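In what follows, a structure is listed as structure tokens, so that the remarks can point back to it.
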Amino acid sequence: MAEREQKKKTAPDRVEEVVADVPASSGTGDKLKAELDDLLDEIDEVLEDNAEEFVRNYVQKGGE
Amino acid sequence: MAIPKVCGIETEYGIQVVGGDPNPIAASSVLINAYAHDVARQQTGWDFEDEAPGNDARGFAREGSMPPQVETHLVNTVLTNGARYYVDHAHPEYSTPECRDALECVRYDRAGELILIRSMEAADLNVHDGSHLVIYKNNSDGKGNSYGAHENYLMDRAAPFTRIVAGVTPHFVTRQIFAGAGKVGAETSFHDGERVEFQLSQRAEFFEEEVGLETTLKRPIVNTRDEPHADPRRYRRLHVIVGDANLAEVATFLKVGTTSLVLAMIEDDVRGSRSLVLADPVTAMHQVALDRTFTRPLTMADGSTATALGIQWEFYSLARKYADDQGLECMGPEGVGEEVLVRWEHVLNGLETDPMSLARQLDWVAKLQLIEAYRERHGCGWDDHRLAALDLQYHDLRPSRSLFARLDTERIVDEEAVVAAVTEPPRGTRAWFRGQCLRKWPSAVVTANWDSLVFDLGADPLRRVPMMDPLKGTAEHVEELLDACASPSELLDRLTS
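From first to last, the protein sequence lines are chains U and Y.
Per our numbering, the first sequence runs over residues 1 to 64.
Per our numbering, the second sequence runs over residues 1 to 497.
Right under this line is the structure:
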């Protein structure tokens, strides 16, 4: 949780940067980071509950 | 001149039964039968008449080599889009129909994903014990078991096989820098005692030989299966087993597009001033998978060194010049060849300057970006089980669970066109004739395979229609004829008159 709070704190900085007309790449980077953050929230919800068991149980026969 | 690079992809999907009989062969049969009976309502079987996967392109078989067995008793069906959908070993497998170019191949590969998703949904309606099937489009279980995603390319029989091997091997070793699907950790003895965080490719570490016939043991970088499914005097089908199954459309497009171009150059015997022959391609393949900088020097046969990125730049430059000198007609209509070149240059530039900028185009980058963000948020190390889970779930095809589906990756084929490709065949190859006959007269076509259709017209003996040329039987050739025929008997009469 600590990391998530930290990220939220950076949000106002991002707005200031855009106003200051920084190069497009930096703004794009921040936008991506925000999107990635939303995505991580979603992944935390859909990721299989017991990761260790989930991974252990996935056994396939060789193919081809 | 290089011949048209007709191409296709066969994908073996991972299958998991949650809460039921774990037998993967039974589960794969349930899955495919559910689709054939309940969704496609069509069940023309596969005709094994011309199967000979044991033929070796070198004209001999090595002692102790194990050609694959043909499993004629398992579920095996042909779809109206011209594809084959069947149980192969312990996996459901979907082979796209023959496609005229790399972009069409992406569309039919994506249609395959939709077919598998619809199959899962249909199968779940048929089981009542609370179990369900989950399908993964990946290539390994993380425990040393791998299953394939093979590509096929039509080649001119006149190109000597030794030239093909020499020319394509350095491409197969290095194309993983953009075509790899990415993987957390390692799972074969090649990496014993090594600490491996992440690899560019799922499959690279499973390759042990430079050239050979096997696909399940001692996998070779260049597979020698000589089974053209076409007139063997004119054609060869290069069966490529070295790749990963991609979810990112751009990655699939580049995997097939760059390989088609390299093969066209081999047919036309186009060579650069620099020899790209690697001293030890197998070891190089494993090294490239581990190198996220693409700058690790690989030893070349002449004693010099080159990097994976450098070798890809050499191939790109050669292809650019080839296109300028000879044109790209063999790469398909409507500028597909030019699009391959533009995107190839774009990803090589991106890999050189800022690999993470390619997260919308390449699977391994998309996956790595996700993993790095997850690691940062949860503060976990590379051996955390959640990273392996994330890796696996990236490939889960269920829309409710797929991590890939949640990413904003670049789409290069229209979604409506993908939906159409589930039932309609490509127009520019013989798959059109196969698919249209199945659509028009499903009960009259008793079996089909890549190079023939067998009709049952009632009283008469079964009638086989050979299709030995992948470039005939296209919409341009036979659309008018098929439209004009009211029955399969009329079609056969007209074909033989």
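Think of the CB as a built atom: it goes at the ideal place given N, C-alpha and C, for glycine as much as any other residue.
Only a predicted model underlies this, so the values are computations on that prediction, with no experimental measurement involved.
Alpha-carbon to alpha-carbon, Y:S443 and Y:D363: By one-based count along the second sequence, residue 363 of chain Y stands at place 363. By one-based count along the second sequence, residue 443 of chain Y stands at place 443. For Y:D363 and Y:S443, the distance between alpha carbons rounds to 41 Å.
So, is Y:L217 buried or exposed, given that buried needs 16 or more other C-beta atoms within 10 angstroms? Translated into positions along the second sequence, residue 217 of chain Y becomes position 217. By the neighbour-count rule (16 or more Cβ atoms within 10 Å), Y:L217 is not buried but exposed.
Short check: CB of Y:F190 to CB of Y:H286, under 9 Å? Translated into positions along the second sequence, residue 190 of chain Y becomes position 190. Translated into positions along the second sequence, residue 286 of chain Y becomes position 286. Yes.
Could one say the Cβ of U:A34 lies closer than 9 Å to chain Y's Cβ atoms, at least one of them? Indexing the first sequence from 1 puts residue 34 of chain U at position 34. Chain Y, which has no Cβ nearer than 9 Å to the Cβ of U:A34, makes this no.
Smallest Cα separation from Y:V345: which of Y:P97, Y:F178, Y:E210, Y:Y35? Numbered from 1 along the second sequence, position 345 holds the residue referred to as residue 345 of chain Y. The amino acid at residue 345 of chain Y is misidentified as Val; the sequence shows Glu. With distances taken between CA atoms, Y:E345 lies nearest to Y:F178 out of Y:P97, Y:F178, Y:E210, Y:Y35.
Chain-order list of residues whose beta-carbon lies under 7 Å from that of Y:H477 (same chain, five-residue window excluded): Sequence index remark: in the second sequence, residue 477 of chain Y carries index 477 (1-based). Hits under 7 Å: none found.
Measuring straight from C-alpha to C-alpha, what distance separates Y:G45 and Y:T447? Stepping through the second sequence from its first residue, residue 45 of chain Y is reached at position 45. Stepping through the second sequence from its first residue, residue 447 of chain Y is reached at position 447. Y:G45 and Y:T447: Cα-Cα distance of roughly 5 Å.
I want to know whether the region 391 to 404 of chain Y touches the region 216 to 234 of chain Y - three or more CB-CB distances under 8 Å. no
Inter-residue Cα distance where the pair is Y:T496 and Y:P466: Position 496 of the second sequence, counted from the start, is the residue given in the question as residue 496 of chain Y. Position 466 of the second sequence, counted from the start, is the residue given in the question as residue 466 of chain Y. So the two alpha carbons sit approximately 12 Å from each other.
Outcome for Y:D109 when other beta-carbon atoms lying within 10 angstroms are tallied against a minimum of 16: Residue mapping note: residue 109 of chain Y aligns to position 109 of the second sequence, counting from 1. Under this definition Y:D109 is a buried residue.
Once the 5 residues before and after Y:S489 are set aside, which same chain residues still bring their CB inside 7 Å of it? For the purposes of this step, residue 489 of chain Y is taken as the residue at position 489 of the second sequence. Around Y:S489: L457.
If you measure beta-carbon to beta-carbon, which residues of the region 143 to 158 of chain Y are closer than 8 Å to chain U? K143, N145, S146, Y147, G148, H150
Tell me which same chain residues have a C-beta within less than 7 Å of the C-beta of Y:V422, skipping the five on either side of it? For this step, residue 422 of chain Y is matched to residue 422 along the second sequence. Cβ within range, chain order: N81, A111, L114, I115.
Relative to the alpha-carbon of Y:H37, which residue among Y:V75, Y:G379, Y:A366 has its alpha-carbon at the smallest distance? Counting from 1 along the second sequence, the entry for residue 37 of chain Y is found at position 37. The option with the nearest alpha carbon to Y:H37 is Y:V75.
Is there at least one Cβ from chain Y nearer than 9 Å to U:D30's Cβ? Taking the first sequence and counting its residues from 1, the one referred to as residue 30 of chain U is at position 30. Not an interface residue.
Any C-beta of chain U sitting closer than 9 Å to the C-beta of Y:S140? On the second sequence, residue 140 of chain Y is found 140 positions in, with the first residue counted as 1. For Y:S140, the answer is yes, since a Cβ of chain U falls inside 9 Å of its Cβ.
Listed by chain order, chain Y residues near U:E48 by CB distance under 7 Å: By one-based count along the first sequence, residue 48 of chain U stands at place 48. Per Cβ cutoff of 7 Å: A389, Q393.
Top-ranked residue by Cα proximity to U:V55, from Y:D391, Y:L482, Y:V17: Stepping through the first sequence from its first residue, residue 55 of chain U is reached at position 55. Distances from the alpha-carbon of U:V55 to those of Y:D391, Y:L482, Y:V17 put Y:D391 closest.
Whole-number beta carbon distance between Y:A366 and Y:L318, since they are thought to touch under 8 Å: By one-based count along the second sequence, residue 318 of chain Y stands at place 318. By one-based count along the second sequence, residue 366 of chain Y stands at place 366. Y:L318 to Y:A366, Cβ: 29 Å. No contact.
Chain Y residues whose Cβ lies nearer than 8 Å to that of U:E45: Start at 1 with the first residue of the first sequence, and residue 45 of chain U comes out as number 45. The premise fails here: U:E45 is roughly 11 Å from chain Y at the closest Cβ pair, so nothing lies under 8 Å.
By the 10 Å Cβ neighbour count, where 16 or more other Cβ atoms means buried, how is Y:V342 classified, buried or exposed? By one-based count along the second sequence, residue 342 of chain Y stands at place 342. Answer is exposed; the Cβ neighbour count stays below 16.
For U:S25, collect the residues of the same chain with a Cβ closer than 7 Å to its Cβ; drop the 5 residues on either side in sequence, then sort them by chain order. Within the first sequence, residue 25 of chain U is the residue found at index 25, counting from 1. Because the pLDDT at U:S25 is just 47, under 50, the model does not fix this residue reliably, and the point stays unresolved.
Applying a beta-carbon distance threshold of less than 9 Å, which residues of chain U neighbour Y:Q16? The residue labelled residue 16 of chain Y in the question sits at position 16 within the second sequence. Near Y:Q16 (Cβ distances below 9 Å), the residues of chain U are N57, Y58, V59, Q60.
Which residues mark the beginning and the end of the alpha helix (DSSP H) in which Y:Y94 is found? Along the second sequence, one-based indexing puts residue 94 of chain Y at 94. Premise fails: Y:Y94 lies in the beta strand (DSSP E), 91 to 95, not in any alpha helix (DSSP H).
Here's a check: name, in chain order, each residue in its chain whose Cβ is nearer than 7 Å to the Cβ of Y:P281, leaving out the five neighbours to either side. Here residue 281 of chain Y refers to the residue found at position 281 when the second sequence is read from its first residue. Excluding residues within five positions, the ones whose Cβ falls inside 7 Å are T169, V173, E210, I221.
Test item: CB-CB of Y:T474 and Y:R439 under 9 Å: Here residue 474 of chain Y corresponds to residue number 474 of the second sequence, with the count starting at 1. Here residue 439 of chain Y corresponds to residue number 439 of the second sequence, with the count starting at 1. It is not a contact, given that the beta carbons lie outside the stated cut-off.
Would U:V59 be called buried (16 or more neighbouring beta carbons within 10 Å of its own) or exposed? As a working mapping, residue 59 of chain U is identified with position 59 in the first sequence. Exposed, since its Cβ has fewer than 16 Cβ neighbours within 10 Å.
If you draw a straight line from the C-alpha of Y:R386 to the C-alpha of Y:Y13, how long is it? By one-based count along the second sequence, residue 386 of chain Y stands at place 386. By one-based count along the second sequence, residue 13 of chain Y stands at place 13. The straight-line gap from Cα to Cα measures roughly 22 Å.
Distance CB(Y:S119)-CB(Y:I32) smaller than 9 Å: Counting from one through the second sequence, the residue named residue 119 of chain Y turns up at place 119. Counting from one through the second sequence, the residue named residue 32 of chain Y turns up at place 32. Closer than 9 Å, so yes.
Determine which residues share a DSSP beta bridge with Y:R401 and list them. As a position in the second sequence, residue 401 of chain Y is number 401, starting the count at 1. BP columns for Y:R401 are empty, so no partner.
Own chain residues within Cβ distance below 6 Å of Y:W382, not counting five before or after: Indexing the second sequence from 1 puts residue 382 of chain Y at position 382. These residues qualify, in order along the chain: E197.
Please report the residue range of the alpha helix (DSSP H) in which Y:V478 lies. Sequence index remark: in the second sequence, residue 478 of chain Y carries index 478 (1-based). 475 to 484 is the extent of the alpha helix (DSSP H) around Y:V478.
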